[in-house]
Amino acid sequence: MSFTDRVARLALLPGIALHELAHYYVCRAVGARIHAVCFFSFGAPAGYVVHTAPKTLRAHLAIVLGPLIVNTIAAVALFAATALAIGEMLREPPLLWAQHLPWIVVAGWLGLAAGLQALPSSGDAISLWQVARWHLSQGNLFAVAAYPIALLIRVTNWLRGVWVDWAYALVLVWVGVRISAGG
């Protein structure tokens with residue numbers, strides 16, 4: 009991994025750790041046994057939670073989609089706070105802006121890190137596909153609904169090459185700004 013890749017990975021550390029923490033806590037909440045956890049790594053993958061498959065497909069869906077929900081909420085909240093801080097800063101004389109900048113930069117960075125790491129990984133898609141196949145073989149016809157979700161996650165990961173994760177993060181910025189503006 010190049011130096012610039014390491015710096016980029018380090019900049020995303022809060023979002024990666026939050027993503028894996030969401031997997032970890034949802035696993036605990038649904039009763040899936042956890043075998044190994046890595047909240048951050050410079051290797052591949054950037055983080056992981058190895059767990060047993062929970063008893064229900066719904067629980068597995070919660071594990072797969074938990075980080076999407078948690079990171080999205082965190083990113084929107086941080087972007088809203090950033091927008092509010094910028095608005096507050098702009099109401100003051102420019103000589104006083106410096107006191108707001110550290111908060112704005114940190115909140116914006118944490119929001120961006122969370123937003124960029126919100127989307128489920130290819131590993132999440134593969135595990136969902138496998139669990140759906142098993143549930144379908146056991147007669148759970150609801151499992152068919154998990155296939156399009158797994159496929160959408162795979163396609164989304166392929167689209168990371170054209171920066172779909174950045175597009176998602178920008179949508180979250182827009183939502184945060186709208187919330188901070190009161191609508």
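Taking the working numbering, I'd label the letters of the sequence shown as residues 9 to 191. Each residue gets a CB set at the ideal place from its N, CA and C atoms; glycine is no exception. As the structure is a computational prediction, the values presented were derived from the model and not from experiment.
Quick one: grab the DSSP three-state call for residue i.
{"i": "alanine 44", "result": "strand"}
{"i": "histidine 194", "result": "Because the chain is modelled from 9 through 191, residue 194 falls outside the range shown and cannot be assessed."}
{"i": "histidine 108", "result": "coil"}
{"i": "alanine 189", "result": "coil"}
{"i": "leucine 20", "result": "coil"}
Is it the case that the Cβ atoms of residue i and residue j are separated by a distance below 7 Å?
{"i": "valine 58", "j": "histidine 68", "result": "no"}
{"i": "alanine 91", "j": "serine 188", "result": "yes"}
{"i": "alanine 140", "j": "arginine 162", "result": "no"}
{"i": "valine 84", "j": "leucine 20", "result": "no"}
{"i": "alanine 151", "j": "leucine 144", "result": "yes"}
{"i": "arginine 14", "j": "phenylalanine 48", "result": "no"}
{"i": "threonine 164", "j": "valine 170", "result": "no"}
{"i": "valine 120", "j": "alanine 175", "result": "For clarity, residue 120 is leucine in the given sequence; the question names valine instead. Not a contact, by the Cβ cut-off of 7 Å."}
{"i": "glycine 184", "j": "alanine 88", "result": "yes"}
Distance check for residue j and residue i, CA to CA, integer angstroms please.
{"i": "threonine 64", "j": "isoleucine 157", "result": "16 Å"}
{"i": "glutamine 146", "j": "alanine 54", "result": "33 Å"}
{"i": "asparagine 148", "j": "histidine 27", "result": "29 Å"}
{"i": "proline 101", "j": "histidine 108", "result": "12 Å"}
{"i": "proline 194", "j": "leucine 86", "result": "For the chain, the structure presents residues 9 to 191; residue 194 sits outside this window and is missing."}
{"i": "alanine 115", "j": "arginine 17", "result": "18 Å"}
{"i": "glutamine 138", "j": "arginine 36", "result": "21 Å"}
{"i": "glycine 23", "j": "tryptophan 117", "result": "10 Å"}
{"i": "leucine 160", "j": "arginine 168", "result": "12 Å"}
{"i": "isoleucine 71", "j": "alanine 52", "result": "20 Å"}
{"i": "serine 135", "j": "tryptophan 142", "result": "11 Å"}
{"i": "glycine 39", "j": "glycine 131", "result": "20 Å"}
{"i": "leucine 73", "j": "leucine 103", "result": "45 Å"}
{"i": "cysteine 46", "j": "alanine 25", "result": "9 Å"}
{"i": "alanine 93", "j": "arginine 186", "result": "14 Å"}
{"i": "leucine 111", "j": "tyrosine 155", "result": "In the sequence as displayed, the identity of residue 111 is tryptophan instead of leucine. Going from the Cα of tryptophan 111 to the Cα of tyrosine 155 covers about 42 Å."}
{"i": "methionine 97", "j": "tryptophan 182", "result": "19 Å"}
{"i": "tryptophan 105", "j": "valine 113", "result": "12 Å"}
{"i": "glycine 95", "j": "threonine 12", "result": "33 Å"}
Count Cβ pairs between the region 68-80 and the region 118-128 that sit closer than 8 Å; are there 3 or more? yes
Please confirm if the region 47-61 is in contact with the region 23-33, defined as three or more CB-CB distances below 8 Å between the two stretches. yes
Which full runs of the alpha helix (DSSP H) of 4+ residues lie inside the region 33-101, going along the chain? The qualifying runs are 65-98.
Can you check the region 106-175 for any alpha helix (DSSP H) of at least 4 residues that lies completely inside it and give the ranges in chain order? 109-124, 130-145 and 154-166
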